[in-house]
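Quick notes on the structure that follows.
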Amino acid sequence: MGRFVVGIESTAHTFSVAVASREGKILSDVREVYRPPVGSGIHPYLASLSHVKAAPRVLRDALLTSGVGEGDIDAVAYSMGPGLGPCLRVGAVVARSLALSLAKPIVPVNHAIGHIELGCLLTGTADPLVLLVSGGHSMVVAFSYGRWRVIGETLDLTLGQLLDQFGRHAGLSSPCGVQVEGAASKSSRYVPLPYTVKGNDVSFSGILTTAKRLLDGGERFEDICFSIQETAFAMMVEVTERALAFTGKKEVMIVGGVAANRRLSRMMEFMTRRHSASFHVVPPRFSGDCGSQIAWTGHLAHSKGVTTSVEEASTRQSWRLDQVDVPWRE
Amino acid sequence: MRSRAGEGGTRVVYRGAEADLLRGRWCGLDAVFKFRRPFIYRLKVLDDAIRRQRTAREAEMIHDAKRSGAHTPFLYFVDMGKALIVMQWVNGRRLKETVSSLSSEGLEHVFAELGGEVARLHASGIMHGDLTTSNILLDYDNKGTTTNNNELTLIDFGLALRTTRLEDRAVDLRLVKETLTGAHSEVASKAYAALLEGYRGEVGPGEVRAVTRQVAEIERRGRYARVE
């Protein structure tokens, strides 16, 4: 009788394996992060090569440090999508091999839902309005009628891409979020940038274009970082506030890589206070991509009988979270 | 509750995401005071500019929309410095709250009407910019039931734009669609089909084809859009 689920994450730069218990305890979470060369973004093929190299060690370490025996494992869960094709395929191959060799069921998990469910587990939220902000997503979602529904989202770049692409333009190496936040904290001089809210959606491409041009024109890097954060975050908080008023949810949670940004959480906290909603941020160690989000969500899905066969355990690069039925939530 | 802005005797009737609505009297008329309060999370210089701009735009667009034949409240007074608009009190309920209580025919009727309203705006070069079901009022009589004609009033023009771009018209329709699937998923496809029907009635089949094609194009551009 098993009691644990192994989760395999490989949607983008991170290859990670984690083991979670049915009670929601994370027993191990081992990661290897691919770092692209300075000035360039993730090359999907090169990242996948890095994952191939890292996989055996990461898998072994995760299983060993968890202290869980083969017989205690319920299922093998993996990120089916969305993400970069070559990277996803590495995770799927590892998951199929592991499931076959252990003779355990295989559970496909949507990466975005993984962020949300792990966030709910770690922050103790039951039915939050979720701001999912990362390199792959910038959306406001809420659960309703069996699915996570998208209330608003970016129409072009994600917040992560905005920060990364501007950082790389300034000669930093990806991911640039921490460095942009550091630079922003050294300035309080606002340079106007386009503030684009369209209904419940936002657009960041105008900010990127203007910010690059300002930098090339001699504006200080710190001032631009400050202005990017103030503008882009305020847009995101504004649409979250609209969604909060619209859905009437009582909890707000930020998840995804950009959840680690302190200025963003401060702004969100100010906003939620006015609506008497509680505010939650996923702990920094689990804000970025990790096996835990897949292991835990894999457990939730498996508990409701969501599994697939090894033959069907493929990848879905464009698998939106609002296409996924969620039988484990009311 | 006493108001912070506007006349004495007003009371807060709604706290929205962006503005507080207070009900009161203006020169003897039943009025609503829409006050865009400062956002403390936003940098002051940015916040002041945005509130001022949206107040001005909303007043202008409500006025222009009326000229297009769409139903909007009458404007009574505007104070840019306070980010305040005083306008007609409309006796209606937000469509968001009434959708689930509408009969099947009622739903089709209301959304066809809405399609017509939006088409009239678009035909005269106005994009609403915020067409969620919170920003559409449905008239109701004293008994609290909807009247036979189910008349609609469009409100909240703070994000409206003067535009003739196909893209902007499509963004408007896409937001209705997004709101429907996000918040009213059980009736979404039926309501959206009725909306397009009403839109067609106003502008003709060619224009509807063009706009819906553009809506599909915008959805394709979206993150992880389904490739069809």
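Chains as they are written, first to last, in the numbering used here: chain Z, 1 to 330; chain C, 1 to 228.
Glycine included, C-beta positions come from ideal geometry on N, C-alpha and C.
No experiment lies behind these values; they were computed from the predicted model shown.
Under a criterion of Cβ atoms nearer than 7 angstroms, the residues of chain C adjacent to E241 of chain Z are, in order, A17. A direct Cα-to-Cα measurement between D61 of chain Z and R51 of chain C gives close to 54 angstroms.
Scanning its chain for C-beta atoms nearer than 6 angstroms, with the 5 sequence neighbours on each side dropped, one finds around G158 of chain C the residues R54, E58, in chain order. When 9 angstroms is used as the limit between beta carbons, N200 of chain Z is near these residues of chain C: D130, T132, L175, E178, T179, G182, in chain order.
Residue state for A191 of chain C is assigned as helix, using DSSP reduced to three classes. When secondary structure is reduced to three states using DSSP, P205 of chain C falls in the helix class. Take A183 of chain Z, set aside five residues on each side of it, and the residues of its chain with a beta-carbon closer than 8 angstroms to its own are F221, E222, C225, F226, in chain order. At least one CB atom of chain Z sits nearer than 8 angstroms to the CB of E186 of chain C. Chain order gives no chain Z residues near R51 of chain C, where near means a beta carbon separation below 9 angstroms; the closest approach is about 12 angstroms. Residue-level contact by beta carbon fails for L84 of chain C and chain Z, as no gap is shorter than 8 angstroms. Shortest Cα-Cα distance from L162 of chain Z to any of Z:G91, Z:A103, Z:G41 involves Z:G41. Using beta-carbon distances, L162 of chain Z does not count as an interface residue toward chain C, since no partner is under 8 angstroms. Of all alpha-carbon atoms in Z:K25, Z:S16, Z:D216, Z:A47, the one lying nearest the alpha-carbon of H169 of chain Z is that of Z:D216. For M236 of chain Z, the enclosing alpha helix (DSSP H) has its first and last residue at 221 to 247. For K212 of chain Z, same chain residues with a beta-carbon under 7 angstroms away, outside a window of 5 residues either side, are F166, H169 in chain order. The residue among C:R120, C:Q214, C:K44 with its C-alpha nearest the C-alpha of A234 of chain Z is C:K44. With contacts defined by Cβ atoms closer than 8 angstroms, V76 of chain Z and V107 of chain Z form a contacting pair. Following the DSSP letters along the chain, one finds L159 of chain C in no beta strand (DSSP E), marked with neither H nor E. Within the DSSP bridge table, the entry for Q88 of chain C names C:A31 as partners. Contact holds between the stretch 51 to 58 of chain Z and the stretch 82 to 93 of chain Z, because three or more Cβ pairs, one in each stretch, are under 8 angstroms apart.
When Cβ-Cβ separations below 8 angstroms define contact, R42 of chain C makes contact with chain Z. When only Cα atoms are considered, D139 of chain C and G85 of chain Z end up about 51 angstroms apart.
Within the same chain, S124, I126, R162 come within 8 angstroms of D64 of chain C by CB-CB distance, once the 5 residues on both sides are set aside. Assignment of A75 of chain Z by DSSP, reduced to helix, strand and coil, places it in the strand class.
Selection Z:F246, Z:G199, Z:V6 evaluated against P105 of chain Z yields Z:V6 as nearest (Cα-Cα).
Residues of the stretch 285 to 312 of chain Z with a C-beta atom less than 7 angstroms from some C-beta of chain C do not occur. According to the DSSP secondary-structure assignment, A83 of chain C is paired through a beta bridge with no residue. Pairing V202 of chain Z with M253 of chain Z gives a Cβ-Cβ distance that is not under 8 angstroms. Excluding its 5 nearest sequence neighbours in each direction, C120 of chain Z has C-beta neighbours in its own chain below 8 angstroms: A126, P128, M253, listed in chain order. Residues of chain Z with a Cβ closer than 8 angstroms to the Cβ of L159 of chain C are, in chain order, V197, K198, G199.
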